[in-house]
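Asker:
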Amino acid sequence: MEIYQLRTFIAVAQQGHLTQAAELLHLSQPAVTAQIKALEEEFGLPLFERFPGGVQLTEAGKLLQPDAEHILALARGMQNRAKALAGEPKGKVKIGTIGVPARLRLGSWLAHLREKYPLISAQTTHGISVSVLNDVRKKVLDGGFYLGRNPYQNVTTLQLTEIGFCVALPPSMAADLANADWKTLGKAPWLGLSQFTSLAEITQELWRSQNIAPKIVGEFDEEATLVELVKAGMGVAILAERTAKRFAADGSIALWRGGEIAVRVPLQFIYSADREQDPLIAMLKGSLKTEWDLP
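Quick note, the sequence shown lines up with residues 15 to 309 if you use our numbering.
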């Protein structure tokens, strides 16, 4: 059974005449007759009764007509859907992610992207801001998230929000440092940051702005590690506000000045500047603006 045979079956049923159905379908009458005969042979029963003025459906034909119409409607729907998909963006996009996925609204953004562009497949690569920035510059990634200020002219940024950072204190140091001034904070041991993390630059800018040069305890590259080391009493560190306040709530760390924001840093989506007119980038930016409620 073929779709074109069902189309002929419905045309003959509606016209009640082989010649008229043939004209409607732009076929010869013998072709229409052959298609109806082929269906009758496949089904093992007659679909039409012939008489001098034309044809009419048999009882079996009447019962099968709604099924044939339903199948044709499904086929038309499939064709329309395929035509719509032909104009959809398609392919794989490679996105660099950093830090905590919830902070990036990653789940809801990718779900929205998938819903709006069903032929797009997303691939994420988790790293730190500097590695994401370098991979975007090299076009290994189509785009990515970056925390801090972009130093390159060949990389374009879309600012999503600002992340506030608090000074996190080990509980053992809270009594001395909870309400200290910056000069006193500068005398405390601080957890050092790997030079490849954006937090390193953020921390150093903060120190410069407050004219302090703390003693560094090690070098670390992940916020979760900083949290554990602050808990363990190794030193002071800056943590994203939500992270800092979550751990302060259970008393495992303390916060300087009750969680006062020490510095605010832009969270951005970055992409290569020469892809500004790329439809794929426009699609990513548009969905991000929707997700972050940006103008």
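The beta carbon of each residue, even a glycine, is placed where N, CA and C say it ideally should be.
1. Report the option in Ser286, Phe179 and Gln282 whose CA atom is closest to the CA atom of Leu308.
2. When you compare the CB positions of Trp196 and Pro228, do they come within less than 8 Å of one another, or not?
3. Suppose you measure from the CA of Tyr160 to the CA of Ile284; what does that come to, to the nearest Å?
4. Express the C-alpha separation of Gln70 and Leu78 in angstroms, rounding to a whole number.
5. Using the C-alpha atoms, what's the distance from Phe234 back to Thr217?
6. For the alpha helix (DSSP H) containing Gln291, list its first residue and its last residue.
7. What first and last residue would you give for the alpha helix (DSSP H) that runs through Lys201?
8. I need the straight-line Cα distance from Gln291 to Pro103, nearest angstrom please.
9. Would Trp123 and Leu243 qualify as a contact pair, given that the criterion is a beta-carbon distance under 8 Å?
10. Leaving out the 5 sequence neighbours to the left and right, which residues in its chain are closer than 7 Å to Gln43 when beta-carbon positions are compared?
11. Mind checking which residues open and close the beta strand (DSSP E) that includes Lys229?
12. Under the rule that 16 or more other beta-carbon atoms within 10 Å means buried, what is Glu274, buried or exposed?
Answerer: Looking at the atomic coordinates:
1. Counted from its first residue, the sequence shown places residue 308 at position 294. Answer by Cα proximity: Gln282.
2. Here the question's residue 196 lines up with position 182 in the sequence shown. Here the question's residue 228 lines up with position 214 in the sequence shown. Taking 8 Å as the Cβ cut-off, Trp196 and Pro228 do not qualify as a contacting pair.
3. Counted from its first residue, the sequence shown places residue 160 at position 146. Counted from its first residue, the sequence shown places residue 284 at position 270. For Tyr160 and Ile284, the distance between alpha carbons rounds to 7 Å.
4. If you number the sequence shown from 1, residue 78 lands on position 64. If you number the sequence shown from 1, residue 70 lands on position 56. Using only the alpha carbons, I get a separation of about 13 Å.
5. Within the sequence shown, the letter at position 203 stands for residue 217. Within the sequence shown, the letter at position 220 stands for residue 234. Distance between the alpha carbons of Thr217 and Phe234: 12 Å.
6. The sequence position of residue 291 within the sequence shown is 277, counting from 1. The continuous stretches of alpha helix (DSSP H) do not include Gln291, and DSSP gives it neither H nor E.
7. Position 187 of the sequence shown, counted from the start, is the residue given in the question as residue 201. From DSSP, Lys201 is part of no alpha helix (DSSP H); its letter is neither H nor E.
8. Sequence index remark: in the sequence shown, residue 291 carries index 277 (1-based). Sequence index remark: in the sequence shown, residue 103 carries index 89 (1-based). Each residue's alpha carbon lies about 14 Å from the other.
9. Reading the sequence shown from its first residue, position 109 is the one you call residue 123. Reading the sequence shown from its first residue, position 229 is the one you call residue 243. No, Cβ-Cβ distance for Trp123 and Leu243 is not below 8 Å.
10. Here residue 43 corresponds to residue number 29 of the sequence shown, with the count starting at 1. Leu32, Thr33 and Ala36.
11. Against the sequence shown, residue 229 aligns to sequence position 215. That run of the beta strand (DSSP E) goes Lys229 to Phe234.
12. Residue mapping note: residue 274 aligns to position 260 of the sequence shown, counting from 1. Exposed, since its Cβ has fewer than 16 Cβ neighbours within 10 Å.
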